[in-house]
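For any residue, its number in our numbering is found by taking its place in the sequence shown, counting from 1, and adding 9.
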Amino acid sequence: MNVSMMVLFMVLQGQVSPQDVDRLGTELLSPVLFLTGSGTVTSASPHGKPFPIPHFDLGGGVNLVYLKATNPSNGQTFDLLIPYPYLQAELGLTGGMSLLPMVGGLGALDLLVRWSPPLRYFGSYQVENPTGWGVGVKLGILRDRLIPPIPGVSLTYMHSSWGDLGLAFGTEGLPSYVYTRWRTTTDVLHLDISKNLLFFTPYAGVAWESGKLEGHFATVTRQNLAPTPGSPYRASYGRTYLGVILTPFPLLKAVGELSFYAGHISGSLALKVGI
Numbered sequence: 010m011n012v013s014m015m016v017l018f019m020v021l022q023g024q025v026s027p028q029d030v031d032r033l034g035t036e037l038l039s040p041v042l043f044l045t046g047s048g049t050v051t052s053a054s055p056h057g058k059p060f061p062i063p064h065f066d067l068g069g070g071v072n073l074v075y076l077k078a079t080n081p082s083n084g085q086t087f088d089l090l091i092p093y094p095y096l097q098a099e100l101g102l103t104g105g106m107s108l109l110p111m112v113g114g115l116g117a118l119d120l121l122v123r124w125s126p127p128l129r130y131f132g133s134y135q136v137e138n139p140t141g142w143g144v145g146v147k148l149g150i151l152r153d154r155l156i157p158p159i160p161g162v163s164l165t166y167m168h169s170s171w172g173d174l175g176l177a178f179g180t181e182g183l184p185s186y187v188y189t190r191w192r193t194t195t196d197v198l199h200l201d202i203s204k205n206l207l208f209f210t211p212y213a214g215v216a217w218e219s220g221k222l223e224g225h226f227a228t229v230t231r232q233n234l235a236p237t238p239g240s241p242y243r244a245s246y247g248r249t250y251l252g253v254i255l256t257p258f259p260l261l262k263a264v265g266e267l268s269f270y271a272g273h274i275s276g277s278l279a280l281k282v283g284i
């Protein structure tokens with residue numbers, strides 16, 4: 010084998026295949042959907058719009074997920090603990106109705122809005138910073154009361170989007186280099202129950218999450234982006250979670266939550282002020 014053939018053989022051996030990128034997309038799917046679609050529950054109790062001051066909550070939180078994926082440029086496994094910080098606002102719209110004396114909250118509506126800043130989530134692999142946003146509504150079923158001891162129950166829908174996330178592996182200009190760009194949309198429907206115990210409120214819930222991850226990639230340089238073979242990647246799964254809301258001072262709420270979904274365990278933390 011002459012020298013030119015040997016060089017050609019080495020170059021071909023170093024090229025990234027579309028299947029390598031497809032595997033990365035499959036591994037990113039569920040963790041990224043959790044990051045962008047999940048978050049702490051303010052309270053399962055419907056608030057709606059009490060007079061004369063409407064209900065509101067303002068604050069920030071962070072979702073945490075452990076990711077284990079395969080580097081498409083060399084086939085090696087890498088793992089990251091990825092934080093997803095966000096700001097969230099909740100505003101009461103309608104107060105709902107009472108079907109029985111001291112039993113109310115049915116039909117109360119709260120508006121939810123979320124925004125995530127463009128930050129570096131994937132360390133040295135990340136070359137483009139995505140922005141996230143979400144909007145949703147919380148529908149009241151039962152309002153929490155101390156006397157009689159009635160729990161709060163509500164149903165929430167949230168739509169979220171996050172992109173564009175640019176990840177690069179290897180050295181640009183070489184056959185083993187791969188550049189990927191990802192965008193995700195997520196729809197979440199969750200049913201929550203909580204009980205206010207003065208200074209803390211335990212809660213639990215079940216959720217159905219559905220979303221897609223759209224991917225594009227290029228090798229050697231960032232030009233000539235092509236859809237990844239499996240794009241858009243889609244997933245739907247159930248999630249169960251439990252958490253606690255601490256109220257050490259009036260208006261201040263500290264929240265911690267654990268989620269269990271698709272073989273993963275992830276967490277969320279938040280700090281909020283509101284009434």
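The beta-carbon is built from N, C-alpha and C at its ideal position, and this holds for glycine as well.
Quiz item: Once you ignore the five residues that flank P238 on each side, which residues in its own chain have a CB closer than 6 Å to its CB?
Solution: The sequence position of residue 238 within the sequence shown is 229, counting from 1. Here the set comprises P27 and D31.
Quiz prompt | Delimiting residues of the beta strand (DSSP E) encompassing F209 | solution = In the sequence shown, residue 209 corresponds to position 200, counting from 1. Its beta strand (DSSP E) spans residues F209 to T228.
Exercise. Starting from D287, trace the beta strand (DSSP E) both ways and give me its first and last residue.
Key: A query on residue 287 cannot be resolved here, the shown segment of the chain reaching from 10 to 284 and no further.
Quiz item: Looking at P63 and the ligand ZN, is the gap between the Cβ and the nearest heavy atom below 7 Å?
Solution: No copy of the ligand ZN appears in this structure; indeed no ligand is present at all.
Quiz item: Among residues of its own chain, excluding the 5 on either side of L164, which ones have a beta-carbon nearer than 6 Å to its beta-carbon?
Solution: Translated into positions along the sequence shown, residue 164 becomes position 155. So the qualifying residues of the chain are L148 and L200.
Exercise. Go to F43, then tell me how far its alpha helix (DSSP H) extends in each direction, as first and last residue.
Key: By one-based count along the sequence shown, residue 43 stands at place 34. First-last of the alpha helix (DSSP H) with F43: P27 to G46.
Exercise. Round the Cβ separation of G48 and R123 to the nearest angstrom and send it over; I've been treating them as touching at under 8 Å.
Key: As a working note, residue 48 is residue 39 in the sequence shown. As a working note, residue 123 is residue 114 in the sequence shown. Between R123 and G48 the Cβ distance is about 7 Å, and since that is below 8 Å, they are a contact.
Practice problem: Run the CB neighbour count on I150, radius 10 Å, all protein chains shown included, and call it buried at 16 or more, exposed below. | Solution: The residue you call residue 150 lines up with position 141 of the sequence shown. The residue in question, I150, is buried, as its Cβ has 16 or more Cβ neighbours within 10 Å.
Practice problem: Pull up the distance between the alpha-carbon of P139 and that of I156, whole angstroms please. | Solution: Taking the first residue of the sequence shown as position 1, residue 139 is located at position 130. Taking the first residue of the sequence shown as position 1, residue 156 is located at position 147. Rounded to whole angstroms, P139 to I156 spans 47 Å at the Cα level.
Quiz item: So E223 and P241 are in contact, right, with Cβ under 8 Å, and what is the actual spacing, rounded?
Solution: To locate residue 223, count along the sequence shown from 1; it is residue 214. To locate residue 241, count along the sequence shown from 1; it is residue 232. With 8 Å as the limit, E223 and P241 qualify as a contact, their Cβ atoms being about 4 Å apart.
Practice problem: Spatial neighbours of A287 within its chain, please: CB distance less than 7 Å, with the 5 preceding and 5 following residues excluded, ordered by chain position. | Solution: The structure shown has nothing for residue 287, since the chain only spans 10 to 284.
Self-check item: Pick from P158, V144, F209 and T35 that is closest to V264, judged by C-alpha positions
Solution: As a position in the sequence shown, residue 264 is number 255, starting the count at 1. When only C-alpha atoms are compared, the closest one is F209.
Exercise. Taking R231 as the reference, give the member of W217, K262, I254 and S185 with the closest Cα.
Key: Position 222 of the sequence shown, counted from the start, is the residue given in the question as residue 231. Looking at the Cα atoms, S185 is the closest of the given residues.
Quiz prompt | Three-state secondary structure (DSSP) of G239 | solution = Position 230 of the sequence shown holds residue 239. DSSP places G239 in coil when its eight states are reduced to three.
Practice problem: Return the first residue and the last residue of the beta strand (DSSP E) that D88 is part of. | Solution: Walking along the sequence shown from the start, residue 88 turns up at place 79. T86 to T103 is the extent of the beta strand (DSSP E) around D88.
Quiz item: With 16 other CB atoms within 10 Å as the buried threshold, where does V16 fall?
Solution: As a first step, residue 16 is located in the sequence shown; it is residue number 7 there, counting from the start. For V16, the pLDDT reaches just 36, beneath the cut-off of 50, and the residue's location in the model is therefore unreliable, although a value from the coordinates is still provided. Exposed.
Quiz prompt | Span of the beta strand (DSSP E) around G179 | solution = Counted from its first residue, the sequence shown places residue 179 at position 170. Looking at the DSSP string, G179 is not in any beta strand (DSSP E), and its letter there is neither H nor E.
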